[in-house]
Every structure is written in structure tokens, then in C-alpha cells.
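One structure is given here, and the rest of the page talks about it.
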Amino acid sequence: MNRFSPLMVILFVFGIGSAVILAQPASPSIFVIQNVTVIDGTGKPALPGMRVTVRDGRIESVESMQTKAKISDGAKVIEGKGKFLIPGLWDMHVHLVDIDEVALPVLPIYGVTSVRDMGGDVQKLMAWRSRIESGELLGPRIKICGPMLEGKWEQKPGARTDHISVSTPDEARSIVNKLADEGVDCIKMRTFASPETYFALAATAKERGIPLVGHAPWGVDPIQASNAGQKSFEHAYYPWPWAEIAPEKKKEIEDTFRKNGSMIVPTFITWEAFRFPFETVSAVINDYDAKSDPRLKLVSPALRKNWLSGLEDMKPQNIGSPGWKKALDQVYEQVADMHDQGVGIMAGTDTGATMTYPGAALHQELKLFVTRCRFTPMDAILSATIMPAKFFKMEDRLGTIQAGKFADMVLLNADPLKDISNIDRIEGVMLRGKWLDRAALDKSLANVEKRINEARQNAK
């Protein structure tokens with residue numbers, strides 16, 4: 019996505035957002051991507067000179083070009099010579115309500131074809147999901163946790179309302195059952211009132227067959243939390259401080275997480291904003307004229323409002339401080355250690371949080387895995403493809419480029435296994451078996467800017 023100059027103030031990749039209503043003529047139901055190198059998401063070496071056929075939204079075959087095959091009449095042929103095909107990417111930590119409907123299309127534009135929403139209004143999210151699945155809206159597949167569960171929640175005037183206070187074990191059991199009946203895909207715990215409340219959340223979620231995910235349960239031993247059934251721990255600082263934990267305890271934690279399938283979602287890119295002085299972050303957020311970078315023109319009013327709310331919660335004396343930078347460096351090493359020992363790490367961004375941008379933030383997260391956490395580029399790709407699919411027990415449908423899977427794929431102009439930064443170089447995206455070439459993606463981006471500009475003008 020190298021269409022903009024590098025950010026002049028904050029040196030990490032920005033994203034863009036908008037909403038787009040699909041108004042396309044009837045498109046082919048058969049596609050053939052030929053002469054392409056396939057990185058199939060299984061972890062096996064790349065396969066050069068391949069032909070991938072998609073029919074009615076599913077991958078029909080993945081075969082060598084040396085295999086003779088008749089291309090079906092009416093098929094659209096996509097030339098993949100010199101290009102690389104990877105599975106569609108997952109962002110396992112987003113807040114879609116925070117970024118609003120106008121940001122939904124930007125996610126697939128950046129190759130993010132599936133997301134896990136980690137806290138939002140259930141009915142609104144389900145309505146968006148329905149419109150996306152019907153083809154009315156361009157957007158990713160959405161897995162929904164529903165509101166964030168809190169031991170105590172003090173609502174700020176005019177701020178978000180997608181939190182629910184859960185103070186007792188009985189309340190915990192009640193709200194988990196209610197959300198399960200509403201059809202959520204996971205239960206998001208942010209804070210809890212007591213260990214008893216936490217374990218009631220975990221036990222009820224397990225009974226209902228829904229993964230419990232969320233923040234570190236401070237005050238609960240990580241081995242107990244994993245054994246209780248928490249399936250993902252967000253934001254990486256857990257258990258902390260990792261450097262002070264005895265080696266034998268680290269091994270026990272890693273062995274338990276690996277055995278139970280408890281995953282870490284670091285959201286490094288959100289923490290990276292805190293490396294910069296408060297004044298710098300504030301200046302960028304308040305740059306309504308986009309003088310520091312043209313991509314700021316594409317930050318929706320809802321997203322900017324959420325940034326400003328987050329900025330109010332920041333402590334100026336901590337942002338950019340040596341202590342904060344040291345802590346962040348330590349957490350990179352913690353995740354690297356866990357990854358080295360086979361603990362599952364999934365890619366997520368906390369998109370919606372201050373200075374975290376839809377779509378582009380996931381690319382940056384993958385780069386940080388490689389540059390800071392001893393991941394290979396293949397490891398990074400797996401963290402955003404097959405591992406999230408397995409998390410939701412969808413590996414028979416998503417996460418790899420194999421016959422029978424849903425056709426969510428990203429075509430790149432350069433090899434991401436040589437340089438993970440090439441994940442930015444998107445030539446086209448296939449979403450639910452529909453092909454969006456570079457021209458279509460650019461047209462959607464132009465529509466994004468137009469709609470956000472209109473919303474900004476109307477808000478004045």
C-alpha cells in the first residue's frame with residue numbers, strides 16, 4: 019500500500035477507513051489465478067508455478083501449472099506471474115463500534131478478511147455482519163464477543179456504553195448465559211470483581227462452549243487461568259514481570275498454555291504509540307488539516323473522537339518515558355520467549371484505540387513480530403491466518419489455501435517470506451470468492467476519503 023509518503027511525525031504505518039455500499043454488476047463465479055506462487059498457510063514452503071481455481075466462493079483446486087487443465091467457460095483469469103498468494107488475514111483484536119461503519123471497508127482493502135471484535139454492541143455488530151454477508155457492505159467476516167465484562171465500570175459522560183458491570187459469581191453466570199443465548203462467538207472479560215467472579219465467568223463460558231478471552235486476570239495465577247479455560251490473553255503483559263519469574267515457573271506456564279491452547283494476542287502496535295511524547299501524540303490527533311500526513315484525512319470522526327477520549331486517559335508523564343520504553347522492550351522479549359517454546363501467538367491490533375489504524379496496523383504488528391520477537395515471516399503469516407481459524411475451530415473452512423476452503427485470499431506483488439514488509443504490497447483481494455483488483459481497491463479508498471470528508475464537514 020505504498021501510495022503515501024512516510025508519516026512525518028510518528029514512524030509507523032497508518033491505515034484508512036470508510037464505508038462502501040457494494041453496487042457492482044454481476045461478477046463471475048469462477049476465477050483462475052495462474053502462474054502464482056502460493057504460500058498456503060500450512061507452514062509448508064511456498065509453491066511456485068501454481069494455478070488456483072475458485073468456484074462459487076470456494077477454492078476448487080490448487081495445482082501445478084504443469085497439470086493440464088481446461089479453464090471453464092466464463093471464468094475470469096487473473097495473471098499471477100511474479101506474485102504471491104496468501105490466505106486472507108485475521109485481526110484478532112478490533113473494536114468495530116469505536117471506528118464505526120465507515121471504517122469497515124478499509125479492513126479488506128488491507129487484506130484483513132476476518133476479525134474478532136473484542137467489545138461492542140451485539141445488535142449493531144450483528145446487523146453489520148448481516149449486511150456484509152449479504153453483499154450490501156464491503157467488510158470482513160466478523161466474530162463477536164459482545165460487551166466487555168467489568169468488575170466495576172464507571173461510565174464517563176458521553177463515552178462508550180458497551181461495558182457491563184459484573185460484580186458477583188451469580189451475575190457472571192447470568193450475563194454469560196444471556197450473551198450465549200444472543201449468539202456471541204466469545205466472551206470478553208476486561209476486569210473482574212473477585213477471583214470467584216472470574217472463575218464463574220470461565221466455568222459458565224466453558225459450559226456453553228464459548229471461549230473466554232480478554233485481559234490478564236491480575237491476582238489469578240496464570241496456570242489456574244489457563245486451566246480454567248481462558249483461551250486468549252490480550253495485550254501481552256501477562257504474567258508480569260516476566261524477567262523476574264523463575265525459569266522453572268516460566269516453563270510450567272509455557273507448558274500449560276501450550277497444552278491448553280491458551281493464546282497470547284500482544285497488540286504491540288497500540289503500545290508503540292506510547293513511545294512518543296504526549297505532545298507529539300496530541301499534535302497528530304488534533305491535526306485536522308492533515309498537515310503531518312495526508313492519511314489523517316481518512317480518519318473518521320468517530321475514530322478521532324475515540325482517540326481524543328483515549329488521549330484524556332493517558333498520563334503525560336508516562337508517555338515516551340524511559341521506563342515505559344524499557345517495559346515495552348521487555349514485553350517483546352517475553353513474547354519471543356513464549357513463541358520460542360511453542361505458545362500460540364495471534365496477531366491483533368486493538369484497532370479503535372488511540373493511534374491505532376484499521377488494516378495498516380495489522381501489517382505493522384506482523385513486522386514487529388519478525389523484527390522484535392524472533393518470528394520468521396512464515397510464523398508471522400501463520401499468526402494471522404491458520405492460527406485464528408483454529409482458535410474458532412474453522413480450520414476446515416478458513417486459514418489456508420486448500421481445496422474446499424472459503425476463498426479469502428490476498429495477492430501480493432512481492433514475496434513476504436523474503437521481507438514481511440511486502441505484506442503491504444497488495445495487488446488484489448479475494449473476499450468470499452469476489453475479486454477486488456488494485457483498481458477496485460483504489461476506487462474504494464477514494465470513496466472512503468470522500469465519505470469521511472463529507473462526515474467531517476457535516477459535523478462542523
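Numbered per this note's numbering, the sequence shown spans residues 19 to 478.
Note that CB positions come from ideal geometry on N, CA and C, so glycine has one too.
Since this is a predicted model, take the numbers as computed values, not measurements.
Neighbourhood of L314 by C-beta, 6 angstroms cutoff - its chain only, sequence neighbours within 5 removed = What you label residue 314 is simply residue 296 of the sequence shown in a count that begins at 1. Hits under 6 angstroms: D305 and A308.
Return the residue from the list L167, N53, G279 and H253 that minimises the CA-CA distance to A371.
-> Start at 1 with the first residue of the sequence shown, and residue 371 comes out as number 353. Among L167, N53, G279 and H253, the Cα nearest to that of A371 belongs to H253.
Identify the residues that DSSP records as bridge partners of K452: which are they?
-> Working through the sequence shown from its first residue, we reach residue 452 at position 434. Partner(s): L449.
Among the residues of its own chain, which have a CB less than 8 angstroms from the CB of Y350, if the five just before and after it don't count?
-> The count along the sequence shown starts at 1 and reaches residue 350 at position 332. Here the set comprises F286, L386, R390 and C391.
Select from P406, A407 and H381 the residue whose C-alpha is nearest the C-alpha of P395.
-> Locating residue 395 in the sequence shown gives position 377, counting from the first residue. Ranking P406, A407 and H381 by CA distance to the CA of P395 puts H381 first.
For V283, which beta-bridge partners are listed by DSSP?
-> As a first step, residue 283 must be located in the sequence shown, where it is residue number 265. Looking at the DSSP assignment, V283 forms a beta bridge with E252.
Taking the Cβ atom as the reference point for each residue, do N465 and P123 lie within a distance shorter than 9 angstroms?
-> For the purposes of this step, residue 465 is taken as residue 447 along the sequence shown, with counting starting at 1. For the purposes of this step, residue 123 is taken as residue 105 along the sequence shown, with counting starting at 1. When the beta-carbon positions are compared, N465 and P123 come within less than 9 angstroms of each other.
On a CA-only basis, which of G67, G360 and G75 is nearest G422? Give me that one, please.
-> Here residue 422 corresponds to residue number 404 of the sequence shown, with the count starting at 1. The option with the nearest alpha carbon to G422 is G75.
Nearest-angstrom Cα distance between N476 and I162?
-> Looking up residue 476 in the sequence shown gives position 458. Looking up residue 162 in the sequence shown gives position 144. If you take the alpha carbons of N476 and I162, they lie about 31 angstroms apart.
Can you find a C-beta in chain C that's less than 9 angstroms from the C-beta of D442?
-> Chain labels in this structure do not include chain C; a single protein chain is all it has.
Below 7 angstroms CB to CB, which residues in the same chain sit around K468 once its five sequence neighbours on both sides are set aside?
-> Here residue 468 is taken as the residue at index 450 of the sequence shown, counted from 1. If we look at K468 and ignore the five residues flanking it on each side, it has no Cβ neighbours.
What is the DSSP secondary structure of T274, counted as helix, strand or coil?
-> The residue labelled residue 274 in the question sits at position 256 within the sequence shown. Residue state, collapsed to three classes: helix.
Q52 to M448, Cα distance in whole Å?
-> Within the sequence shown, the letter at position 34 stands for residue 52. Within the sequence shown, the letter at position 430 stands for residue 448. Roughly 14 angstroms separates the two Cα atoms.
Distance, S439 Cα to L219 Cα = For the purposes of this step, residue 219 is identified with residue 201 of the sequence shown, where counting begins at 1. For the purposes of this step, residue 439 is identified with residue 421 of the sequence shown, where counting begins at 1. When the Cα atoms are used, L219 and S439 turn out to be separated by approximately 40 angstroms.
For the candidate residues K101, L454, I470 and I399, whose alpha-carbon lies nearest to that of K62?
-> Taking the sequence shown and counting its residues from 1, the one referred to as residue 62 is at position 44. The shortest C-alpha separation from K62 is found at I399.
Using beta-carbon positions only, say whether A365 and A402 come within less than 9 angstroms of one another.
-> Locating residue 365 in the sequence shown gives position 347, counting from the first residue. Locating residue 402 in the sequence shown gives position 384, counting from the first residue. Cβ distance < 9 angstroms, so A365 and A402 count as in contact.
A41 to W146 span [Cα, whole Å] = For the purposes of this step, residue 41 is taken as the residue at position 23 of the sequence shown. For the purposes of this step, residue 146 is taken as the residue at position 128 of the sequence shown. Annotation note: pLDDT 38 at A41 (below 50); position unreliable, coordinate value reported separately. Cα to Cα, the separation comes out at about 17 angstroms.
In the structure shown, what three-state DSSP assignment does E214 receive?
-> Reading the sequence shown from its first residue, position 196 is the one you call residue 214. In this structure, E214 counts as helix in the three-state DSSP scheme.
What are the boundary residues of the alpha helix (DSSP H) that includes S327?
-> The sequence position of residue 327 within the sequence shown is 309, counting from 1. Element bounds for S327: P319 to D331.
When burial is assigned at 16 or more other CB atoms within 10 Å of the CB, is G451 buried or exposed?
-> In the sequence shown, counting from the first residue as 1, residue 451 sits at position 433. Buried is the call here.
Which partner residues of H181 appear in the DSSP bridge assignment?
-> Residue numbering aside, residue 181 sits at position 163 when the sequence shown is read from its first letter. Paired residues: M166.
Pull up the CB-CB distance for V299 and L329, whole angstroms please, since I reckon it's below 8 angstroms.
-> On the sequence shown, position 281 is the one that residue 299 refers to. On the sequence shown, position 311 is the one that residue 329 refers to. Contact flag correct, Cβ pair sits at about 7 angstroms.
Below 8 angstroms on the Cβ atoms is my guess for V130 versus L107; work out the distance and round it to an integer in Å.
-> By 1-based counting over the sequence shown, the position of residue 130 is 112. By 1-based counting over the sequence shown, the position of residue 107 is 89. Correct: roughly 5 angstroms between the Cβ atoms.
Could you check where the beta strand (DSSP E) with P340 kicks off and where it finishes?
-> In the sequence shown, residue 340 corresponds to position 322, counting from 1. Not the beta strand (DSSP E): P340 falls in the alpha helix (DSSP H), residues P340 to D358.
Which first and last residues belong to the alpha helix (DSSP H) in which L143 is found?
-> Here residue 143 refers to the residue found at position 125 of the sequence shown. Start and end: V140 to S152.
A261 - DSSP class collapsed to helix/strand/coil | By 1-based counting over the sequence shown, the position of residue 261 is 243. The answer is helix: DSSP assigns A261 an H, G or I state.
Local conformation of K161 per DSSP, three classes | As a first step, residue 161 is located in the sequence shown; it is residue number 143 there, counting from the start. If DSSP states are grouped into helix, strand and coil, K161 belongs with the strands.
In angstroms, rounded to a whole number, what distance separates the CA positions of S318 and V112?
-> Taking the sequence shown and counting its residues from 1, one reaches residue 318 at position 300. Taking the sequence shown and counting its residues from 1, one reaches residue 112 at position 94. Answer to the nearest angstrom: the Cα atoms are 16 angstroms apart.
From what residue to what residue does the alpha helix (DSSP H) around S439 run?
-> Position 421 of the sequence shown, counting from 1, holds the residue named residue 439. Run containing S439: none; DSSP gives neither H nor E here.
Looking at the structure shown, is L122 part of a helix, part of a strand, or coil, going by DSSP?
-> Along the sequence shown, one-based indexing puts residue 122 at 104. Coil.
Pick from E413, Q352 and G169 that is closest to A261, judged by C-alpha positions | Reading the sequence shown from its first residue, position 243 is the one you call residue 261. Nearest of E413, Q352 and G169 to A261, Cα basis: Q352.
In the structure shown, what three-state DSSP assignment does R76 receive?
-> Here residue 76 corresponds to residue number 58 of the sequence shown, with the count starting at 1. It is a strand residue.
Would V95 be called buried (16 or more neighbouring beta carbons within 10 Å of its own) or exposed?
-> For the purposes of this step, residue 95 is taken as the residue at position 77 of the sequence shown. With fewer than 16 other beta carbons inside 10 angstroms of its own, V95 counts as exposed.
Once you ignore the five residues that flank S152 on each side, which residues in its own chain have a CB closer than 8 angstroms to its CB?
-> Residue mapping note: residue 152 aligns to position 134 of the sequence shown, counting from 1. Cβ neighbours of S152 beyond the five flanking positions: none.
Meets three-Cβ-pair contact criterion under 8 angstroms: the stretch 240 to 258 and the stretch 271 to 288 = These segments touch.
Determine the burial state of P43: buried for a count of at least 16 other Cβ atoms within 10 Å of its Cβ, exposed for fewer.
-> Stepping through the sequence shown from its first residue, residue 43 is reached at position 25. With a pLDDT of 42 at P43, under the threshold of 50, the predicted position of this residue should be treated as unreliable, though the coordinate-derived value follows. Flag for P43 reads exposed.
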